[in-house]
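Okay, structure first, notes after.
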Amino acid sequence: TLTSDTSTIDTGVNGIAPGYDVLTIWIVAKTDDLVGGDGTNGGTLIPIYATVNGDTGAHYDFTYIVRGGSGTFGHGVLRGQDAWELTAHGSGGIGNYPAVDRITIPNYAGTAFGKVGVDTTGSPDGMADDDTEAVLKSIGWRSDAAINELSITTGGSNKLKTGSRLLIFGSK
Numbered sequence: 005t006l007t008s009d010t011s012t013i014d015t016g017v018n019g020i021a022p023g024y025d026v027l028t029i030w031i032v033a034k035t036d037d038l039v040g041g042d043g044t045n046g047g048t049l050i051p052i053y054a055t056v057n058g059d060t061g062a063h064y065d066f067t068y069i070v071r072g073g074s075g076t077f078g079h080g081v082l083r084g085q086d087a088w089e090l091t092a093h094g095s096g097g098i099g100n101y102p103a104v105d106r107i108t109i110p111n112y113a114g115t116a117f118g119k120v121g122v123d124t125t126g127s128p129d130g131m132a133d134d135d136t137e138a139v140l141k142s143i144g145w146r147s148d149a150a151i152n153e154l155s156i157t158t159g160g161s162n163k164l165k166t167g168s169r170l171l172i173f174g175s176k
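Take 5 as the starting number for the sequence shown in our numbering and just add one per residue.
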């Protein structure tokens with residue numbers, strides 16, 4: 005849990021222990037950004053970025069479907085990115101909500117294949133035009149290396165707010 009505003013939260017090198025079958029990551033994030041993401045409603049949907057093992061090369065792929073609270077629907081594929089794009093809740097909106105991302109990566113410590121997982125995002129908001137978002141992503145990292153580190157950054161001058169959290173769980 006962050007005790008002060010900062011642009012990065014991470015596990016540190018070797019902060020993710022091996023020896024489990026499934027890695028589950030929870031990111032609870034709110035930023036001080038007023039305009040970003042969708043660019044509407046005072047910046048309630050703000051992109052944040054996840055990298056593993058310090059890799060900032062073009063090794064991240066994801067496919068997503070998204071449903072907005074106003075009934076909008078979207079989908080897309082991004083290949084060869086330098087991070088996985090996730091969502092934080094900006095300082096706009098109503099309800100002082102954060103966004104929540106949950107990433108699940110089976111076989112994160114294995115070395116036979118690249119890594120594949122699923123990310124789900126929830127970002128509620130109480131604004132009149134309902135700038136709420138739910139996202140489902142298929143994610144991939146083009147490396148056979150075991151995952152032992154995760155970093156979340158804002159990718160800009162905005163900061164993650166005090167109380168934002170990065171929670172790491174391993175399960176058999």
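Glycine included, C-beta positions come from ideal geometry on N, C-alpha and C.
Problem set entry | Buried or exposed by the 16-neighbour rule on C-beta atoms within 10 Å, applied to residue 176 | Exposed, because fewer than 16 other Cβ atoms sit within 10 Å of the Cβ of residue 176.
For this session: Decide if residue 1 is buried, meaning its Cβ has at least 16 other Cβ atoms within 10 Å, or exposed.
Result: Because residue 1 is not part of the residues shown, which for the chain are 5 to 176, the question remains open.
Problem set entry | Simplified DSSP state of residue 22, which is helix, strand or coil | Of the three classes helix, strand and coil, the one that applies to residue 22 here is coil, per DSSP.
For this session: Can you give me the Cβ contacts of residue 158 inside the same chain, cut-off strictly under 7 angstroms, excluding the 5 residues immediately before and after it?
Result: If we look at residue 158 and ignore the five residues flanking it on each side, its Cβ neighbours are 11, 35, 52, 164.
Problem set entry | DSSP bridge partner residues for residue 35 (one or two, in chain order) | BP columns for residue 35 point to 164.
For this session: Using DSSP bridges, identify the partner residues of residue 138.
Result: Answer by DSSP bridge pairing, in chain order: 71, 126.
Exercise. What three-state label does DSSP hand residue 106 in the structure shown?
Worked result: Residue 106: strand per DSSP, three-state reduction.
Problem set entry | Residue from 68, 116, 92 with nearest C-alpha to residue 129 | For residue 129, the closest of 68, 116, 92 by C-alpha to C-alpha distance is 92.
Problem set entry | Collapsed DSSP secondary structure at residue 117 in the structure displayed | Coil.
For this session: Can you give me the Cβ contacts of residue 71 inside the same chain, cut-off strictly under 7 angstroms, excluding the 5 residues immediately before and after it?
Result: Within the same chain, residue 71 has close Cβ partners 77, 138.
Problem set entry | Contact belief for residue 116 with residue 65 at Cβ below 8 angstroms, rounded distance in angstroms | In fact, because the Cβ distance is near 18 angstroms, the residues do not count as touching under 8 angstroms.
Exercise. Can you list, in chain order, the residues of its chain whose CB lies under 7 angstroms from that of residue 160, leaving out five sequence neighbours each side?
Worked result: Correct list: empty, nothing qualifies.
Exercise. To which residues of the same chain is residue 14 closer than 8 angstroms at the C-beta, ignoring the five residues directly before and after it?
Worked result: Here the set comprises 153, 154, 155, 156, 170.
Exercise. Which word fits residue 8, buried or exposed, when buried means at least 16 other C-beta atoms lie within 10 angstroms of its C-beta?
Worked result: The residue in question, residue 8, is exposed, as its Cβ has fewer than 16 Cβ neighbours within 10 Å.
Exercise. Between residue 212 and residue 123, is the Cβ-Cβ spacing less than 8 angstroms?
Worked result: Absent from the model: residue 212. The displayed extent of the chain is 5 to 176, so no value can be given.
For this session: Taking only the alpha-carbon atoms, compute the straight-line gap between residue 111 and residue 120 and give it to the nearest angstrom.
Result: In a straight line, the C-alpha of residue 111 is about 8 angstroms away from that of residue 120.
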